[in-house]
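**Student:** Numbering (this note's numbering), first residue to last: 1090 to 1232.
Every residue, glycine too, gets a C-beta built ideally from N, C-alpha and C.
Quick one: the structure is below, questions incoming.
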């Protein structure tokens, strides 16, 4: 099984997650050790995000993330510090890889959105950059 990918200037990569369907229903399969671009050490998901609320609004210095909308839809903005791309996650057969060093925001959640996030590292507050201005300084080497 080969996963198709498409890279974007912001550093984000969209994955077409293999899809299988028959009269019993549909299933997507992502073989973490083979297809995910990192070893997954943490899993979390967001849901019941109120209309107009924005999540994310941070960058990671080291941690990578892989986002999948299991239900509903959400828009994701990914910023490299020089280029910004925007994605719509609205099917469990698409995944979005956010490499370390990207600023990300999730917005426009549908009321039924469930966003699964696979992370390369356990939670570490020191890995987060929570100010966009600080992120830009960090990207320019003012770490």
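1. For residue 1116, which residues of its own chain have a beta-carbon under 8 Å away from its beta-carbon, when the five flanking residues on both sides are left out?
2. Kindly indicate if chain D contains any beta-carbon less than 7 Å away from that of residue 1189.
3. Which residues bound the alpha helix (DSSP H) around residue 1046?
4. Should residue 1139 be labelled buried (16 or more other beta-carbon atoms within 10 Å of its own) or exposed?
5. Going by DSSP, what residues sit across from residue 1175 in a beta bridge?
6. Is residue 1186 closer than 7 Å to residue 1098 when the C-beta atoms are compared?
7. What is the rounded straight-line gap between the Cα of residue 1224 and the Cα of residue 1153?
8. Is it right to say residue 1166 is buried, meaning 16 or more other beta carbons lie within 10 angstroms of its own, or is it exposed?
9. Between which residues of its own chain and residue 1206 is the CB-CB distance below 6 Å, once the five residues before and five after are set aside?
10. Have a look at 1213, 1226, 1222 and flag the residue whose alpha-carbon is nearest the alpha-carbon of residue 1149.
11. What does the alpha-carbon distance come out to for the pair residue 1164 and residue 1112?
12. Measuring straight from C-alpha to C-alpha, what distance separates residue 1170 and residue 1176?
13. Using DSSP with H/G/I as helix, E/B as strand and the rest coil, what is residue 1121?
**Tutor:** Straight from the coordinates:
1. Position 27 of the chain shown, counting from 1, holds the residue named residue 1116. When the five nearest sequence neighbours on each side are left out, the beta carbons in the same chain lying within less than 8 Å of the beta carbon of residue 1116 are those of 1108, 1109, 1110, in order along the chain.
2. Protein chains in the displayed structure number just one, and chain D is not present.
3. Residue 1046 is absent from the model: the chain starts at 1090 and stops at 1232.
4. Here residue 1139 refers to the residue found at position 50 when the chain shown is read from its first residue. Exposure of residue 1139 is indicated by the presence of fewer than 16 other C-beta atoms within 10 angstroms of its C-beta.
5. The count along the chain shown starts at 1 and reaches residue 1175 at position 86. The partner list for residue 1175 (beta bridge, DSSP) reads 1166.
6. Your numbering for residue 1098 matches position 9 in the chain shown. Your numbering for residue 1186 matches position 97 in the chain shown. No, they are not a contact pair.
7. Within the chain shown, numbered from 1, the residue matching residue 1224 stands at position 135. Within the chain shown, numbered from 1, the residue matching residue 1153 stands at position 64. Spanning the two alpha carbons is a distance of roughly 16 Å.
8. The residue given as residue 1166 occupies position 77 in the chain shown. Taking a 10 Å sphere around the C-beta of residue 1166, we find 16 or more other C-beta atoms and assign the residue as buried.
9. Residue numbering aside, residue 1206 sits at position 117 when the chain shown is read from its first letter. If we look at residue 1206 and ignore the five residues flanking it on each side, its Cβ neighbours are 1133, 1154, 1156.
10. Within the chain shown, the letter at position 60 stands for residue 1149. Nearest neighbour of residue 1149 by Cα position, chosen from 1213, 1226, 1222, turns out to be 1213.
11. Position 75 of the chain shown holds residue 1164. Position 23 of the chain shown holds residue 1112. Our two residues, residue 1164 and residue 1112, have alpha carbons roughly 31 Å apart in a direct line.
12. Counting from 1 along the chain shown, the entry for residue 1170 is found at position 81. Counting from 1 along the chain shown, the entry for residue 1176 is found at position 87. Roughly 17 Å between the two C-alpha positions.
13. As a working mapping, residue 1121 is identified with position 32 in the chain shown. Here residue 1121 carries a helix assignment [DSSP, helix/strand/coil].
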